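Counting from 1, position 9 in the sequence shown corresponds to residue -2 in this note's numbering; the numbering is continuous, with no gaps. Positions of the beta carbon are idealized from the N, C-alpha and C atoms, including for glycine. Quick caveat: nothing in here was measured; it's all calculated off a predicted structure.
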Amino acid sequence: MLKRHITAAAATVTVGALAFVVAAPAQATEYTSALKVRGIQYNAPGTDRNSCSSGNTHQEYLTIKNYSKTKTVNLKGYLVKDAAGNRFTFTANHYLQPNDYVKLRGGNGADSDAGNVVHRDNCNFMWNNDRDTIYLVKPTGYRADAHAYTKSGSDRDGNGYITYHS
C-alpha cells in the first residue's frame, strides 16, 4: 500500500513539472517593468551610410512604450544597449505618461517630449541588419526588457521593422 502512494505522488509531481515546463517556453523572458520595447526599425530604408549630413542613421529607431495604465515613468538613467556593447543612456528627464511612447533615433536632432523623440546624437548605426539583441536596462541595473532578433527569423515581411509588445 505504501508503494502505491509513493508512485501516485511521483506521478503527480511529474505531471506538475511537465505543466510548468510547457507553460514557460525557454525563449520567453518577461520582466516586471512598465517600460517595454514596442518595436525596432533595425534596418533603415535605403543604402546604409554613417553620415550625419547625408546618411540614413536617423531612420533607424527603437520605440519604447510605457505600458502602465496609471504610472508616469522618467527615462532618465535608463540604458539601451545591444549585444556588441553599443549603448545609449537617457541623461535628461523625459517623462512617459501611461500608454505614451518615445522613439530613440540615430543621428542628431532636437529631442522633444511633444514629438516623442530622443536622438542618440551619434551618426553610426546601433543595430545590426542581420541579427542583434536589444536590452532596456533600468537605472537600478535590472533589465526592463530584452529581445533578440534575426532578419530571417523575426522580420516576416522583410521591411526592417519588428514589433514586440502590442
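Residue j and residue i - do their beta-carbons sit closer together than 8 Å?
i      : j     : result
THR168 : LYS65 : What the structure shows of the chain is the stretch from -10 to 155, and residue 168 is not part of that stretch, so it cannot be assessed.
VAL69  : VAL91 : no
GLN86  : ASN55 : yes
TYR153 : GLY35 : no
If you drop the 5 nearest sequence neighbours on each side, which residues of the same chain put their C-beta closer than 6 Å to that of residue i?
i      : result
ALA33  : ASN45, GLN48, GLU49
ASP134 : TYR20, LYS25, VAL26, LEU125
ASN82  : ASN63, LYS65
Candidates the options: which alpha carbon is nearest residue i's?
i      : options                        : result
ASP37  : MET115, SER141, THR122, ASP146 : MET115
TYR31  : GLY142, ASP119, ARG132         : ASP119
LYS127 : PHE77, CYS41, SER43            : PHE77
SER57  : GLY74, ASN148, ALA23           : ALA23
SER155 : SER42, VAL62, ASN63, ASN88     : ASN88
ASN117 : ALA103, SER141, SER101         : SER141
VAL62  : SER143, ILE151, ASP102, TYR150 : ASP102
Does the beta-carbon of residue i have 16 or more other beta-carbons within 10 angstroms, so that it is buried, or is it exposed?
i      : result
ARG145 : exposed
LYS60  : exposed
TYR67  : buried
TYR84  : exposed
ALA12  : Bear in mind that a pLDDT of 37 at ALA12, under 50, signals an unreliable position, so the model cannot answer this.
Who are the Cβ neighbours of residue i in its own chain at under 7 Å, not counting the five residues just before and after it?
i      : result
ASP110 : ASN97
ALA72  : ASP121, THR122
THR18  : Low per-residue confidence applies at THR18: pLDDT is 49, beneath 50, and the placement is therefore not dependable, though the value from the model is reported in the following sentence. Same-chain partners within the cutoff: ALA135.
ALA99  : none
CYS41  : GLY96, ASN97, CYS112
ASN39  : THR46, CYS112, ASN113, PHE114
Beta-carbon within less than 8 Å of residue i's beta-carbon, same chain only, minus the 5 sequence neighbours each way: which residues are those?
i      : result
GLY95  : ALA33, THR46, HIS47, GLN48, GLU49, TYR50, HIS108, ARG109, ASN111, CYS112, ASN113, PHE114, MET115
GLY130 : none
THR139 : ASP119, ARG120
According to DSSP, residue i sits in a beta bridge with which residue or residues?
i      : result
TYR90  : LYS54
GLY28  : THR52, THR152
ARG109 : Answer is none; ARG109 lacks a bridge partner.
ASN63  : TYR84
ALA137 : THR122
ARG132 : VAL126
THR36  : According to DSSP, THR36 bridges with nothing at all.
ASP71  : ILE123
ARG145 : According to DSSP, which records beta bridges pairwise, ARG145 is partnered with nothing at all.
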